[in-house]
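Asker: Chains as they are written, first to last, in our numbering: chain A, 2 to 326; chain B, 958 to 1259.
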Amino acid sequence: MIEILGYAAFFLTIALSYAVIALGLNVQWGQTGLFNVGVAGFVGIGAYASAILTAPDAADRIGGFALPIPLGWVAAFAAAALASLALGWLTIRLRADYLAIATFGFAVTVQLAALNLEPLTGGPFGLGFIPRPFNGFAGDPLVFGLLNLALVALVLAFVWWVLERLVRSPWGRVLKAVREDEEAARALGKPVTRFRLQAFAIGGGIMGLGGALQAHFIGFIAPENYLPTLTFQVWTMLVVGGAGNNLGAVVGSVVVWGLWSGSSFLIGAAVDPADQARAAALQIVLIGVALCLILVLRPKGLLAEVLTHHRRPAGAQAQDRPATR
Amino acid sequence: MNPQFVVDGLVAGAMIGLGAIGVTLTYSILRFANFAHGEFITAGAYAALALSGLLGAFVGSVPVGDFSFGWNVLLAVPLAILVTGGLAILLDAILFGVLRAKASAVIILVIASFGASMALRSLLEFVFTSQPAYFTNELQIAVRFGWGLRATPDQLLMLAATLVLILAVHLLMTKTQVGRRMRAVSENPALARLSGIDVRGVVRTAWFLGGGLAAAAGIMAGLLVQIRPYMGFDLLLPLFAAAILGGIGSVPGAVLGGIVVGLCEALAVQTVGAEWRAAVAFLILTLVLLLRPQGLLGRARS
């Protein structure tokens, strides 16, 4: 019983840290309509920034400043937000999918840097000894697990609260206006590009914070944690839950992470070890097909966005100019 | 500095250029960045591998002339191009076409292509495993040209084949009715439809051409390096960089962009180190978006 409870705490902690990342993506995509294909890059930047600042000093590396964990989290947010700002400044004024391509390239480059800047990042071997919150309780796995779960839930609640306030603020309403009809927002004198940039930076920063949360919970990070599969997982979480809806982002994270780790568990238990790599490939096929099916059949996800206004002109559902028919 | 990087860069650049033609065509006609394009490259290479294995039973796999591969591979090439072009049309019919019919936003199509990319790549990994595969195990002797330059017969054949393919696509786009229709749809789909052009047919042609050229690039990559499930996905960023550098919608631009990206990568491998190769395309992309977002041969759009 205690084991099951411990595992449930572990599962939920990871799922809720994904929820933080998905909330960040929701600011960018759900609220603002900015497409980020480099989620893994921003998560990775946050994780590495916090790890380098808070890990104990090591002889063979630069970094290891042994700073307190909350400071690492703030740095993770700041680093990822700055990177988003730079990338957004470069591409947001251009076509919508240039941002997608640029963020994709950014994530590839971040992963490459993590792999090759060995004196800073530990290279392919990764960074260990990242301080874990409540490490004093590590002897009692259940207490340790529950305390960490509570901490991640608290951070998630805080991010949620801030975002809900932002969405309902005049700032959030402009953001939605920009997403629904850029020309109209511009005609009303709103600095559209600046609003988009701000949203992109805040979303990126939250992803970085989520990355730091995960890094500190596990205590070890390596470049292969930040492959495009991560981007894909977070996107699936948001699309399944319902873009534009914060509750949807959280529900989607728990559901998709449950399906993901559940199917991994089944593969581990039922498939011959020699075939496990192939079975894992099939797992990604199924999730990819599921993502496409949801886009086709239920584009609003499990929980649709709660609209704050009631009147909607007919045919105004397109967020961008429709593709060639 | 060893001038050999010019040969290596040209060969890699030809491959990237071929793939980038498909990206630029689908982008200009369907108006979205297709993240599944890399998987057409991978699918083409694996299709040729499977077909050459089958054909080997009939025509044997003894190397032709100075090349490293036999008739089985040569015969598999056109078949693999057909198969991959068909796959691209199929993907449009079951996914992108459905989304377009529902008037989904461009970005929804981009997300769908991202999901399709993951699914296709993992499906190929499931069928063929992640072990690298090769068309042939034959070794080749490089031809020397002086100034320290050398190239294998395979590499020279690839360059010639790319030249022929690019010329064919260019003539198709500029001299034929099909090409004129494609350019019309890329220019203004509504007007093209009004003037009686079968837009669906044009869309199918664009997918078939893009998929077929991607297969050609994949077979080249398979012959020059190896075949593995991630080969196309790893080429995706260079493809996008080449298409945007050349100017979206421009076929000559895509080829030019591909050659620039290939040369820069080869130069970086020699000067900075092979481990940073993958960052070159991002650097080029950043510079283009910063300095000339419409690309070298593209026109500025509103």
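For glycine and all other residues, C-beta sits at the position ideal for the given N, C-alpha and C. Note that the coordinates shown come from a computational prediction; the quantities given were computed from them, not determined experimentally.
1. Would you call B:Ile1051 buried or exposed, if buried means 16 or more other Cβ atoms sit within 10 Å of its Cβ?
2. What distance in whole Å lies between the Cβ atoms of A:Gly249 and A:Phe298, which are believed to be in contact at a cut-off of 8 Å?
3. Check for me: the beta strand (DSSP E) holding A:Phe66 runs from which residue to which?
4. Tell whether a beta-carbon distance below 8 Å holds between B:Gly1027 and B:Val1034.
5. With distances taken Cα to Cα, identify the nearest neighbour of B:Ala1211 among B:Thr1131, B:Ala1200 and B:Val1217.
6. Chain B partners of A:Phe126, CB-CB under 7 Å?
7. Which of the three DSSP states, helix, strand or coil, is assigned to B:Gln961?
8. Residues in its own chain within less than 6 Å of B:Pro1195 by CB, not counting five upstream and five downstream?
9. Does A:Asn136 have its Cβ less than 8 Å from a Cβ in chain B?
10. Between which residues of its own chain and B:Ala1149 is the CB-CB distance below 8 Å, once the five residues before and five after are set aside?
11. Starting from A:Ala101, find everything on chain B with Cβ-Cβ shorter than 7 Å and list it in chain order.
12. For chain B, check one thing: does any of its Cβ atoms lie closer than 8 Å to the Cβ of A:Trp236?
13. In angstroms with no decimal places, state the Cα-to-Cα distance between A:Ile207 and A:Lys191.
14. Hey, out of B:Leu1036, B:Asp965, B:Gly1103 and B:Asp1111, whose CA is closest to B:Glu1095's CA?
15. Nearest chain B C-beta to A:Thr110 closer than 8 Å, yes or no?
16. Going by alpha carbons, who is nearest to B:Met1075 out of A:Trp236, A:Ala244, A:Asp276 and A:Val251?
17. What's the gap between the Cα of B:Ala1045 and the Cα of B:Leu1166?
18. Go through its chain and collect everything with a Cβ distance to B:Ala1049's Cβ below 6 Å, but skip five positions before and after it.
19. I'd like to know if B:Leu1194 contacts chain A, where contact means its C-beta is closer than 8 Å to some C-beta of that chain.
20. Is there a Cβ from chain A that is less than 8 Å from the Cβ of B:Val1126?
21. At a CB-CB cut-off below 7 Å, which residues of chain A make contact with B:Pro1250?
22. What does DSSP give as the partner residues of A:Val156 in its beta bridges?
23. Please classify A:Ile3 as buried or exposed, where buried requires at least 16 other C-beta atoms within 10 Å of its C-beta.
24. Would A:Gly65 pass as a contact of A:Pro71 if the rule is Cβ separation under 8 Å?
25. Look at the alpha carbon of A:Arg312 and the alpha carbon of B:Val1063, and state the distance between them as a whole number of angstroms.
26. Looking only at DSSP bridge pairs, what is B:Pro1209 linked to?
27. Compute every distance between the C-beta of A:Ala305 and the non-hydrogen atoms of the ligand GTP, then say whether any falls below 7 Å.
28. Is the separation between the beta-carbon of B:Cys1221 and that of B:Ile1241 shorter than 8 Å?
29. Which of the three DSSP states, helix, strand or coil, is assigned to B:Ala1108?
30. Tell me the DSSP bridge mates of A:Leu128?
31. Have a look at A:Val111, A:Leu24, A:Ala10 and A:Gly146 and flag the residue whose alpha-carbon is nearest the alpha-carbon of A:Ala48.
32. Which of the three DSSP states is assigned to B:Phe1102 in this structure?
33. For A:Leu17, tell me which candidate among A:Ala213, A:Asp273 and A:Ala291 has the shortest Cα-Cα distance.
34. Taking CB distances under 8 Å as the criterion, tell me whether B:Trp1164 reaches chain A.
35. Excluding sequence positions up to five away, which residues of its chain have a Cβ less than 7 Å from the Cβ of B:Lys1059?
36. In the DSSP assignment, what are the bridge partners of B:Pro1020?
Answerer: The short version:
1. exposed
2. Checking the displayed sequence, the identity of residue 298 of chain A turns out to be Leu instead of Phe. Incorrect: roughly 16 Å between the Cβ atoms, too far for contact.
3. A:Phe66 -> no beta strand (DSSP E), and no H or E assigned at all.
4. no
5. B:Ala1200
6. Those within 7 Å of A:Phe126 in chain B number zero; the least Cβ separation is about 15 Å.
7. helix
8. Ile973, Val1218 and Ala1238
9. no
10. Arg1138, Ala1141, Val1142, Val1156 and Val1159
11. Ala990 and Val1067
12. yes
13. 25 Å
14. B:Asp1111
15. yes
16. A:Trp236
17. 9 Å
18. Here the sequence assigns Asp to residue 1049 of chain B, which means Ala is not the residue at that position. Excluding sequence neighbours, B:Asp1049 sits near Trp1164.
19. yes
20. no
21. Leu95
22. Beta-bridge pairing links A:Val156 to no other residue.
23. exposed
24. no
25. Unreliable placement is indicated for A:Arg312, whose pLDDT of 46 sits below 50; no coordinate value is reported for it.
26. According to DSSP, which records beta bridges pairwise, B:Pro1209 is partnered with nothing at all.
27. This structure lacks the ligand GTP, and indeed carries no ligand of any kind.
28. yes
29. strand
30. A:Ile222
31. A:Val111
32. strand
33. A:Ala213
34. no
35. none
36. B:Gly1027
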